[in-house]
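Chemist: Numbering (the UniProt record's numbering), first residue to last: 1 to 315.
(1) Which residue's Cα is closest to the Cα of residue 278: 88, 162 and 32?
(2) Using only the alpha-carbon positions, how far apart do residue 52 and residue 153 sit?
(3) Alpha carbon to alpha carbon, what distance is there between residue 286 and residue 175?
(4) Using the three-state DSSP reduction, which class does residue 75 fall into: helix, strand or coil?
(5) For residue 311, which residues from the same chain have a beta carbon less than 6 Å from its beta carbon, with the 5 sequence-adjacent residues on both sides left out?
(6) Just confirm the distance between the C-beta atoms of residue 252 and residue 231, as a whole number of angstroms; I'd bet it's less than 8 Å.
(7) To test your reading of the DSSP string, which unbroken alpha helix (DSSP H) runs of 4 or more residues are found completely within the segment 1-56?
(8) In chain order, what are the residue ranges of uninterrupted alpha helix (DSSP H) at least 4 long that sit wholly in the segment 197-222?
(9) Select from 308, 167 and 281 the residue whose C-alpha is nearest the C-alpha of residue 218.
(10) CA-CA distance, residue 115 and residue 123?
(11) Starting from the C-beta of residue 43, find all residues in its chain whose C-beta is less than 8 Å away, skip the five residues before and the five after it, and write them out in chain order.
(12) Per DSSP, what are the beta-bridge partners of residue 329 in this structure?
(13) Quick one: is residue 110 buried, meaning 16 or more other Cβ sit within 10 Å of its Cβ, or exposed?
(14) Look at the alpha carbon of residue 132 and the alpha carbon of residue 300, and state the distance between them as a whole number of angstroms.
(15) At which residues does the beta strand (DSSP E) containing residue 267 begin and terminate?
(16) What's the gap between the Cα of residue 3 and the Cα of residue 255?
(17) Work out the CA separation of residue 61 and residue 33 for me, nearest whole Å.
(18) Along the beta strand (DSSP E) that carries residue 164, what are the first and last residues, could you check?
(19) Thinking just about the alpha-carbon of each residue, which of 63, 276 and 70 is nearest to the one in residue 170?
(20) What residue range does the alpha helix (DSSP H) around residue 313 cover?
(21) Taking just the CA atoms, how far does residue 58 sit from residue 31?
(22) Enumerate in chain order the residues of its own chain whose CB-to-CB distance from residue 182 is below 7 Å, with the five nearest sequence positions on each side excluded.
(23) Helix, strand or coil for residue 60 per DSSP?
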């Protein structure tokens, strides 16, 4: 049984990182990594059966870590992680591990994202709640070591926020959003959109389109004047970026819908950026929301969904 701690520099841990690592090691094995190391060893981290993932560095690191640890397979013409001034190819291959298992259902690893001064909606455990967050982590690991399924279910039910993810071309997940564009930013392209195989927008001239989850609606989507969704809403937001036609407003569809985006002629390749960290290219993007992609963020606040929404509208 293993847990993963993601830090800024795995060779130079901060005191609070060392302290938590020591506490966890009393119960189970711990891997410590940083984003460059995870990019270099994608298969290793993708196939290790972590029971919990602990982070301290804000939303960007959360998104990159989830992308590396929970990618499924790569069927794209290109798929590259965006890493400062260079690109790192996404390694192909399906996940070869089992999810966290309780007696009633399967779970993805619980995410413990501690806020140590890095503001963000995905940092659910605020600094004043650090002790409660650490206690929840220790309780979870102990329950898993003892196969205490009742306690595992209780912790996932009472001490988490469930965040839904989008699945793109049956290949990779997006927690926040997928930004799709035909040409370089600033140059108008044309995109067509279908909902459940029914055409809704034909050849809309725009810089691109943002397909967003409720979690991601307060980020890039909001900056493009799209609506911010409450976390309890089962919907997907579609927002055009700089459309030439003002009659192309943002709209929301049910999370049960399948969204297809392609060029009007169907053969011009499209670019996509997933959660700001993975660049992909394909002729067509099919997007759906699957229960298997749900991720659980540890949250020890009193009114979780309200606190999450307040964090969203303050971003």
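We put the beta carbon where it would ideally sit given N, CA and C, even for glycine.
The model shown is predicted, which means the values in this text are computed figures rather than measured ones.
Modeler: Concretely, from the data shown:
(1) Position 278 of the chain shown, counting from 1, holds the residue named residue 278. Considering only alpha carbons, the answer is 88.
(2) Indexing the chain shown from 1 puts residue 52 at position 52. Indexing the chain shown from 1 puts residue 153 at position 153. Approximately 14 Å between the Cα atoms of the pair.
(3) To locate residue 175, count along the chain shown from 1; it is residue 175. To locate residue 286, count along the chain shown from 1; it is residue 286. Residue 175 and residue 286: Cα-Cα distance of roughly 16 Å.
(4) Within the chain shown, the letter at position 75 stands for residue 75. Of the three classes helix, strand and coil, the one that applies to residue 75 here is coil, per DSSP.
(5) Looking up residue 311 in the chain shown gives position 311. Cβ neighbours of residue 311 beyond the five flanking positions: 121.
(6) Taking the first residue of the chain shown as 1, we reach residue 252 at position 252. Taking the first residue of the chain shown as 1, we reach residue 231 at position 231. Not quite, the Cβ-Cβ distance comes to about 14 Å (not below 8 Å), so this is no contact.
(7) 15-25, 35-40 and 42-47
(8) none
(9) Position 218 of the chain shown, counted from the first residue, corresponds to residue 218. Minimum Cα distance to residue 218 is reached at 308.
(10) As a first step, residue 115 is located in the chain shown; it is residue number 115 there, counting from the start. As a first step, residue 123 is located in the chain shown; it is residue number 123 there, counting from the start. Approximately 5 Å between the Cα atoms of the pair.
(11) Against the chain shown, residue 43 aligns to sequence position 43. Here the set comprises 91 and 93.
(12) Beyond the ends of the chain as shown, which are 1 and 315, falls residue 329; an answer cannot be given.
(13) Within the chain shown, numbered from 1, the residue matching residue 110 stands at position 110. So residue 110 ends up on the buried side.
(14) For the purposes of this step, residue 132 is taken as residue 132 along the chain shown, with counting starting at 1. For the purposes of this step, residue 300 is taken as residue 300 along the chain shown, with counting starting at 1. Each residue's Cα considered, the two are about 7 Å apart.
(15) Looking up residue 267 in the chain shown gives position 267. Note, residue 267: premise wrong, no beta strand (DSSP E); not H, not E.
(16) Here residue 3 is taken as the residue at index 3 of the chain shown, counted from 1. Here residue 255 is taken as the residue at index 255 of the chain shown, counted from 1. In a straight line, the C-alpha of residue 3 is about 31 Å away from that of residue 255.
(17) Here residue 33 is taken as the residue at index 33 of the chain shown, counted from 1. Here residue 61 is taken as the residue at index 61 of the chain shown, counted from 1. Each residue's alpha carbon lies about 11 Å from the other.
(18) The count along the chain shown starts at 1 and reaches residue 164 at position 164. Note, residue 164: premise wrong, no beta strand (DSSP E); not H, not E.
(19) Against the chain shown, residue 170 aligns to sequence position 170. Selected option, being the one with the closest Cα: 70.
(20) Reading the chain shown from its first residue, position 313 is the one you call residue 313. Start and end: 304-314.
(21) Looking up residue 31 in the chain shown gives position 31. Looking up residue 58 in the chain shown gives position 58. Each residue's Cα considered, the two are about 19 Å apart.
(22) The residue labelled residue 182 in the question sits at position 182 within the chain shown. Here the set comprises 189, 190, 191, 263, 268 and 270.
(23) Along the chain shown, read from residue 1 onward, the residue named residue 60 stands at position 60. Of the three classes helix, strand and coil, the one that applies to residue 60 here is helix, per DSSP.
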